[in-house]
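The numbering used here puts the first residue of the sequence shown at 84, with every later residue one more than the last. Below you'll find the structure, written out as structure tokens, and then a few comments.
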Amino acid sequence: AGDTNKYIRTQTESVTTGQYRPVDFRLPVGGGKLSDITALIRTPIGKFHTPLIDDNQDGTVSIKYQPSEIGLHELDVFYQGQPIAGSPFKFHVDQVQTGYVTAYGPGLSHGACNESCSFRIVTKDAGSGGLSVAVEGSSKAEIQCKDNKDGTCDVTYWPTAPGEYTITVKFADKHIVGSPFTAKITGL
């Protein structure tokens, strides 16, 4: 059986020629088999899509999806037919283009208390303006931002109590697409 308490650990950005930014979730399955994992994506207009699930041969699977529309999507993940803890996971799809600030990563939708939660902000070609990040919720969460010097910034925060946390990301004093985000933080 897989570890049913810790699931999506990373979501990475892939650059393709598609109109919308693809998503790639990495999911630990412990001793579980690829056939034990199923997933379903619900689009903003209510369509259902089945993502590709690949075995990474390291105790994890990758759930990959090329969106066909912009907006808030939901990912339902099942282990042996049962929803995993925290499912469905919400994620925002945006267009692949420069000039706009976007954010992606698991820390925008979920995490566990007393563990680091992270996400990336992309500011490439966004022009001039200040970037601000705030995390508010059941406990004070220490926030750390790292400028990668390539037009991206990695944000990590450490919630110390379970509950819903609101993550606000602003560029030039305006909310970026999807902000404010709501992350479900579970207890250990």
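Cβ atoms here follow ideal geometry from the backbone N, Cα and C, with glycine treated the same way.
I'd like the span of the beta strand (DSSP E) that includes residue i, first residue to last.
i: Thr143; result: 143-148
i: Glu198; result: Glu198 -> no beta strand (DSSP E), and no H or E assigned at all.
i: Lys116; result: Premise fails: Lys116 is in no beta strand (DSSP E) and is neither H nor E.
i: Ala266; result: 264-269
i: Pro134; result: It is not in any beta strand (DSSP E) - Pro134 carries neither H nor E in the DSSP assignment.
i: Val176; result: 172-176
From the DSSP secondary-structure annotation, give me the bridge partner or partners of residue i.
i: Gly213; result: Bridge partners of Gly213: none, in fact.
i: Pro166; result: Phe161
i: Lys232; result: Answer is none; Lys232 lacks a bridge partner.
Where does residue i land, buried or exposed, given buried means 16+ other C-beta within 10 angstroms?
i: Leu191; result: buried
i: Leu110; result: buried
i: Cys196; result: buried
i: Leu155; result: exposed
i: Leu117; result: exposed
i: Ile204; result: buried
Return the residue from the list the options that minimises the CA-CA distance to residue i.
i: Gly220; options: Asn231, Ile124, Gly246; result: Gly246
i: Lys147; options: Thr121, Gln163, Tyr162, Gly261; result: Thr121
i: Ser262; options: Glu198, Pro134, Val218, Ile268; result: Val218
i: Lys267; options: Tyr248, Lys116, Asp256; result: Tyr248
i: Thr185; options: Phe202, Leu117, Ile226, Thr143; result: Phe202
i: Glu225; options: Ala244, Ser145, Val144, Thr235; result: Ala244
i: Ser151; options: Phe131, Asp141, Asp159; result: Phe131
i: Gly164; options: Gly142, Asp119, Asn139; result: Asp119
i: Leu158; options: Asp237, Asp107, His258; result: Asp107
So what does DSSP say about residue i, is it helix, strand or coil?
i: Gly190; result: helix
i: Glu152; result: coil
i: Thr126; result: coil
i: Gly246; result: strand
i: Tyr240; result: strand
i: Lys207; result: coil
Below 7 Å, is the gap between the Cβ of residue i and the nearest heavy atom of the ligand FMN?
i: Tyr183; result: Absence of the ligand FMN from the depicted structure is noted, as is the absence of any ligand whatsoever, leaving it without description.
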